[in-house]
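First comes the structure, then the notes that go with it.
Residue numbers (the UniProt record's numbering): 1 to 793.
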């Protein structure tokens with residue numbers, strides 16, 4: 001049937017019910033079910049989770065098996081990365097996160113296969129066809145494979161092949177493909193529609209074309225060619241859409257054409273097309289400016305039908321059916337599959353780029369200043385907020401600072417706000433949106449003319465992406481009541497400079513603008529990927545239980561919104577949390593959740609996020625963990641209002657050592673002449689590394705003691721802003737990498753526009769987001785506002 005040999009069919013007959021296995025997840029505390037527990041499920045795919053993780057991540061099967069077990073038990077990525085090196089054997093966080101993504105996607109695929117099997121079982125009456133369909137479903141590697149099978153075998157849509165099948169001609173077509181000679185005259189008049197031999201042959205040809213397309217060998221050829229493992233010519237072509245060709249200069253949409261000038265007559269080998277080019281063309285198509293497709297040539301030579309031999313009497317009919325199958329089914333399927341794969345690859349690259357940049361955003365240190373003046377720029381009005389060093393709001397205002405809307409009272413108010421800081425440093429946090437350049441120049445002019453007196457005043461730009469969306473959320477209303485949304489935006493901008501991580505967790509990651517074409521990719525996939533990265537970053541940097549807000553705590557491994565709120569309630573009830581043991585008193589926080597948020601020993605480590613040696617990284621205190629217990633800040637923005645004690649009851653609670661290993665930790669400290677109360681100690685790592693004859697557990701605890709967390713420095717502070725016209729080709733400038741995309745780096749060089757360092761001028765590995773280095777200006781285009789730079793050799 002359907003081009004499968006009789007021997008293959010015999011082997012497969014009766015194998016309708018898939019082999020089953022179960023992935024069980026056991027937890028002692030039923031309260032943990034909302035974030036960890038997953039129900040037992042039947043496994044229908046003909047490969048295991050371990051197999052697919054091994055193949056996709058390119059890791060040993062034994063490591064994949066350990067990871068799958070840890071994921072199934074509810075362990076999170078950051079926890080595994082730091083504390084379970086015995087399982088991941090040195091994998092990076094990115095690899096573990098990729099494994100977790102594949103783990104979840106494969107489990108979801110298994111559920112879809114189960115539904116699809118139930119669907120086809122109710123529609124396919126022929127047992128042989130059902131067996132083949134089920135086997136193909138069980139071997140599915142992506143949702144598109146499931147769609148393909150259901151369309152081939154269980155589609156309710158009326159097609160040429162289904163009409164031939166209703167007339168009883170499919171078996172005739174199969175007999176011809178099997179090499180038999182059939183007298184087709186017998187079928188003339190067997191149905192009212194079959195009036196003559198020509199009509200009979202047309203229907204049989206349609207059935208043959210469908211059978212040829214359903215052959216497993218044909219489907220394999222489509223996949224092979226779509227993966228570009230072929231000599232066939234595959235080209236991505238893009239041009240102006242028919243609708244856009246009719247636009248005139250008077251149409252509002254006409255101006256969109258200039259945004260896609262590079263793609264108006266675009267042709268490129270599908271093997272060489274870049275991800276950002278695919279996303280740009282797809283965005284152009286969404287805007288009805290462009291239309292793009294895949295051109296395929298010479299693929300017909302790889303169709304398995306050309307090797308089929310039929311009876312001489314049916315040769316002409318077979319050739320007609322084969323050509324129809326190739327042109328109507330085979331080639332279009334290749335085109336659709338290649339397009340889908342290119343889009344999927346580009347989408348994955350965009351999500352990965354966004355996640356990579358977002359991670360560095362969360363690892364940036366805040367600015368230390370006596371006061372921060374936050375400005376949310378605008379041409380009509382500038383929203384301003386005066387904040388303390390901890391982010392508390394002192395005063396807000398709104399005034400004109402630029403052009404015809406300039407208001408002298410606004411300038412006077414800024415001078416007054418700076419004066420309140422006394423001799424302390426004042427930093428202006430200026431949003432990077434509309435009128436940002438004009439606002440920066442206004443502040444720079446005030447500094448240059450000494451309007452702030454002898455005080456130390458600096459300014460810098462702060463990404464304002466998501467500030468407006470945050471300002472109208474219920475969280476913003478709760479955090480900043482009785483304040484207009486426009487001024488909440490200014491407060492958010494200022495707090496991003498003071499404590500980036502604590503403020504950015506309040507904003508949906510996809511609104512932070514740290515990627516490439518992030519609004520063109522699948523919103524659900526993007527949100528899921530970024531949520532994982534945020535959770536990982538917050539956990540790895542560590543959160544102080546006596547200071548952190550609910551929004552920050554709920555992003556820690558093992559916690560959710562409910563348990564985070566319970567932790568804050570417990571903190572307020574006790575005045576402060578003095579030990580990790582007290583955390584167990586939070587309702588709903590079971591043993592598994594406590595293990596995730598408090599950590600456990602296991603020989604883990606944390607490497608610097610930078611892929612290159614970065615002299616600008618700041619080493620944070622060694623005691624940062626997931627949930628740590630330190631002295632609470634009296635003036636903390638999120639800190640409890642009650643008075644705090646000065647020391648924790650257990651000094652080791654300030655480390656990333658798990659409570660169950662405190663005995664081992666004390667023993668190690670004793671061997672180097674220290675007590676827990678002596679921590680932190682400047683030479684701790686050096687002394688511990690000198691110990692010999694350690695057991696596996698002692699070595700694991702030593703490694704945790706020696707873990708260093710490297711963060712990125714705060715943004716550069718400026719006193720002036722340079723116009724593009726003042727830049728000279730060949731000039732050397734200091735630049736900080738602001739964003740990384742597939743085609744290069746955007747670099748802040750203190751000018752009115754960011755510069756682009758194209759990847760053709762970069763060496764691997766690329767400088768990381770936040771790193772500073774010397775650049776040389778290669779080109780300045782004042783008309784288009786573009787600056788090109790490259791790293792100084």
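Glycine included, every Cβ here is placed at the ideal spot set by N, Cα and C.
DSSP state of residue 773 mapped onto helix, strand, coil:
Numbered from its first residue, the chain shown carries residue 773 at position 773. Strand, per DSSP.
Tell whether a beta-carbon distance below 9 Å holds between residue 650 and residue 676.
Residue numbering aside, residue 650 sits at position 650 when the chain shown is read from its first letter. Residue numbering aside, residue 676 sits at position 676 when the chain shown is read from its first letter. For residue 650 and residue 676, yes; Cβs fall inside 9 Å.
Kindly list the residues whose CB is nearer than 6 Å to the CB of residue 795, restricted to its own chain and excluding five residues on each side of it in sequence; keep chain order.
What the structure shows of the chain is the stretch from 1 to 793, and residue 795 is not part of that stretch, so it cannot be assessed.
Mind checking which residues open and close the beta strand (DSSP E) that includes residue 238?
Working through the chain shown from its first residue, we reach residue 238 at position 238. Its beta strand (DSSP E) spans residues 233-240.
Any idea which residues DSSP pairs residue 296 with across the strands?
Here residue 296 is taken as the residue at index 296 of the chain shown, counted from 1. Answer is 234.
Let's see if you can read the secondary structure: which residues bound the alpha helix (DSSP H) around residue 415?
The sequence position of residue 415 within the chain shown is 415, counting from 1. Counting along the chain, the alpha helix (DSSP H) containing residue 415 begins and ends at 408-419.
On the DSSP bridge list, what partners appear for residue 732?
If you number the chain shown from 1, residue 732 lands on position 732. DSSP, once it has assigned bridges, lists 776 as partnering residue 732.
Beta-carbon proximity of residue 216 to residue 136, cut-off 9 Å
Counting from 1 along the chain shown, the entry for residue 216 is found at position 216. Counting from 1 along the chain shown, the entry for residue 136 is found at position 136. Yes. Within cutoff.
Whose C-beta lies closer than 8 Å to the C-beta of residue 787 among residues of the same chain, with five residues either side of it excluded?
Counting from 1 along the chain shown, the entry for residue 787 is found at position 787. Once the five neighbours on either side are set aside, the close Cβ partners of residue 787 are 724, 727, 749, 751, 753, 754, 755, 756, 777, 779, 780 and 781.
My guess is that residue 495 and residue 391 are in contact by the Cβ rule of under 8 Å, so how many angstroms apart are they, rounded?
Taking the chain shown and counting its residues from 1, one reaches residue 495 at position 495. Taking the chain shown and counting its residues from 1, one reaches residue 391 at position 391. That belief holds up - the Cβ atoms of residue 495 and residue 391 are roughly 5 Å apart, short of 8 Å.
With 16 other Cβ atoms within 10 Å as the buried cut-off, status of residue 219:
In the chain shown, residue 219 corresponds to position 219, counting from 1. Classification for residue 219: buried.
Would you check if the region 514-528 and the region 555-571 touch, i.e. whether three or more CB-CB distances between them fall below 8 Å?
no
Answer yes or no: do residue 385 and residue 270 have a C-beta to C-beta separation smaller than 9 Å?
The residue given as residue 385 occupies position 385 in the chain shown. The residue given as residue 270 occupies position 270 in the chain shown. In this structure, residue 270 does not lie closer than 9 Å to residue 385 by Cβ.
Sort 192, 248 and 343 by Cα distance to residue 273 and report the nearest one.
Your numbering for residue 273 matches position 273 in the chain shown. Taking only the C-alpha atoms, the option nearest residue 273 is 343.
To the nearest angstrom, how far is it from the Cα of residue 796 to the Cα of residue 509?
Residue 796 cannot be examined here, being either before or after the span of the chain that is shown, 1 to 793.
Is residue 208 helix, strand or coil by DSSP?
Numbered from 1 along the chain shown, position 208 holds the residue referred to as residue 208. Residue 208: helix per DSSP, three-state reduction.
Measure the C-alpha to C-alpha separation of residue 790 and residue 771 and round it to an integer number of angstroms.
Here residue 790 is taken as the residue at index 790 of the chain shown, counted from 1. Here residue 771 is taken as the residue at index 771 of the chain shown, counted from 1. Answer to the nearest angstrom: the Cα atoms are 14 Å apart.
Give me the Cα-Cα distance between residue 629 and residue 583, rounded to the nearest whole angstrom.
Position 629 of the chain shown holds residue 629. Position 583 of the chain shown holds residue 583. Computed Cα separation, rounded: 10 Å.
Taking the C-alpha atoms as reference points, what is the distance between residue 544 and residue 691?
In the chain shown, residue 544 corresponds to position 544, counting from 1. In the chain shown, residue 691 corresponds to position 691, counting from 1. Rounded to whole angstroms, residue 544 to residue 691 spans 31 Å at the Cα level.
Give the DSSP bridge partners of residue 422, in chain order.
Mapped onto the chain shown, residue 422 falls at position 422. Answer is none; residue 422 lacks a bridge partner.
Starting from residue 398, trace the beta strand (DSSP E) both ways and give me its first and last residue.
Start at 1 with the first residue of the chain shown, and residue 398 comes out as number 398. Counting along the chain, the beta strand (DSSP E) containing residue 398 begins and ends at 393-399.
Taking residue 459 and residue 428 to be in contact with their CB atoms under 8 Å, please state how far apart those CB atoms are, rounded to whole angstroms.
Working through the chain shown from its first residue, we reach residue 459 at position 459. Working through the chain shown from its first residue, we reach residue 428 at position 428. The Cβ separation is near 4 Å, so the contact holds.
Quick check: what's the CA-CA separation for residue 764 versus residue 206?
Against the chain shown, residue 764 aligns to sequence position 764. Against the chain shown, residue 206 aligns to sequence position 206. Those two C-alpha atoms are separated by around 54 Å.
Which of the three DSSP states, helix, strand or coil, is assigned to residue 749?
Counting from 1 along the chain shown, the entry for residue 749 is found at position 749. It is coil, neither helix nor strand.
Among 97, 90 and 588, nearest to residue 78 - alpha-carbon criterion
For this step, residue 78 is matched to residue 78 along the chain shown. Of 97, 90 and 588, the residue nearest in Cα terms is 97.
Where does residue 174 sit, in a helix, a strand or coil, going by DSSP?
On the chain shown, residue 174 is found 174 positions in, with the first residue counted as 1. Reduced to three states, the DSSP call for residue 174 is helix.
Residue closest to residue 346, alpha-carbon to alpha-carbon, out of 357, 398 and 277:
In the chain shown, the residue the question calls residue 346 occupies position 346. Closest by alpha carbon: 277.
Nonlocal neighbours in the same chain, by C-beta distance under 8 Å from residue 178, ignoring five residues either side:
For the purposes of this step, residue 178 is taken as residue 178 along the chain shown, with counting starting at 1. Around residue 178: no qualifying Cβ.
Which residues DSSP lists as bridging residue 372, in chain order:
As a working mapping, residue 372 is identified with position 372 in the chain shown. Answer is 387 and 427.
Apply the 10 Å Cβ neighbour rule to residue 478 and answer buried if 16 or more other Cβ atoms are within range, or exposed otherwise.
Locating residue 478 in the chain shown gives position 478, counting from the first residue. By the 10 Å Cβ count, residue 478 comes out exposed.
Which residues share a DSSP beta bridge with residue 739?
Reading the chain shown from its first residue, position 739 is the one you call residue 739. Beta-bridge pairing links residue 739 to 746.
Label residue 67 either buried or exposed according to how many other C-beta atoms from any shown protein chain fall within 10 Å of its C-beta, with 16 as the threshold for buried.
Here residue 67 refers to the residue found at position 67 when the chain shown is read from its first residue. Buried, since its Cβ has 16 or more Cβ neighbours within 10 Å.
With a CB to CB cut of under 6 Å and the five nearest residues on each side skipped, what residues in its chain are close to residue 476?
Start at 1 with the first residue of the chain shown, and residue 476 comes out as number 476. 470 and 488.
Would the beta-carbon of residue 441 fall within 9 Å of that of residue 721?
Here residue 441 refers to the residue found at position 441 of the chain shown. Here residue 721 refers to the residue found at position 721 of the chain shown. Going by C-beta atoms, residue 441 is nearer than 9 Å to residue 721.
Between which two residues does the beta strand (DSSP E) carrying residue 788 extend?
What you label residue 788 is simply residue 788 of the chain shown in a count that begins at 1. 786-791 is the span of the beta strand (DSSP E), which, as asked, contains residue 788.
8 Å CB neighbourhood of residue 124 in its chain, flanking five on each side removed
Reading the chain shown from its first residue, position 124 is the one you call residue 124. Closer than 8 Å at Cβ, skipping near neighbours: 130, 133, 153 and 154.
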